[in-house]
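Asker: Please read through the structure below; I'll follow up with questions.
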Amino acid sequence: MWTKKMLRQKLIDNTQQILFMEETVAVENLYPSGSKREEIEEKFKNTIREELKLGSLVSYVGNKNIPFLRIYRYKEAFAFNFVKDFLRRFEASPDDYVFDPFSGLGTT
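Start counting the sequence shown at 4; every next residue gets the next number (this note's numbering).
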């Protein structure tokens with residue numbers, strides 16, 4: 004059993020960002036030291052950043068208010084606001100082409 008003091012120290016030793024102490028659980032490294040994944044993460048650590056706000060966009064739940072899209076109620080459904088956010092980030096215009104690797108319904 005972890006005491007709060009032990010948990011706090013474990014979390015401080017962990018390099019991951021801590022948002023809510025009361026909801027945080029310490030996890031051991033899932034990958035062995037020197038693994039290819041660790042090597043890739045180290046190589047791209049200055050390029051990759053975690054955006055927690057995107058978590059709310061990667062679900063079909065946001066589609067419930069969009070008439071045509073609310074018919075898809077499975078977890079893997081198209082997330083309209085997620086795509087919309089990336090189109091905005093890349094400053095896409097109506098004349099641009101968008102590659103859809105999943106061969107969607109043309110909703111982009």
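For glycine and all other residues, C-beta sits at the position ideal for the given N, C-alpha and C.
Nothing here was measured: the structure is a model prediction, and the numbers come from that model.
How is residue 43 classed by DSSP in three states: helix, strand or coil?
Answerer: Of the three classes helix, strand and coil, the one that applies to residue 43 here is helix, per DSSP.
Asker: Helix, strand or coil for residue 59 per DSSP?
Answerer: Three-state DSSP puts residue 59 in a helix.
Asker: Quick one: what does DSSP say residue 67 is sitting in, helix, strand or coil?
Answerer: Reduced to three states, the DSSP call for residue 67 is helix.
Asker: Roughly how many angstroms lie between the CA atoms of residue 87 and residue 38, to the nearest whole one?
Answerer: Cα to Cα, the separation comes out at about 35 Å.
Asker: Buried or exposed: which applies to residue 93, given that a residue is buried once 16 or more other Cβ atoms fall within 10 Å of its Cβ?
Answerer: Residue 93 comes out exposed.
Asker: Can you give me the start and stop residues for the alpha helix (DSSP H) that residue 89 sits inside?
Answerer: Note, residue 89: alpha helix (DSSP H), 83–92.
Asker: Apart from the five residues just before and just after residue 61, which ones in its own chain have a Cβ nearer than 7 Å to its Cβ?
Answerer: 82, 85, listed in sequence order.
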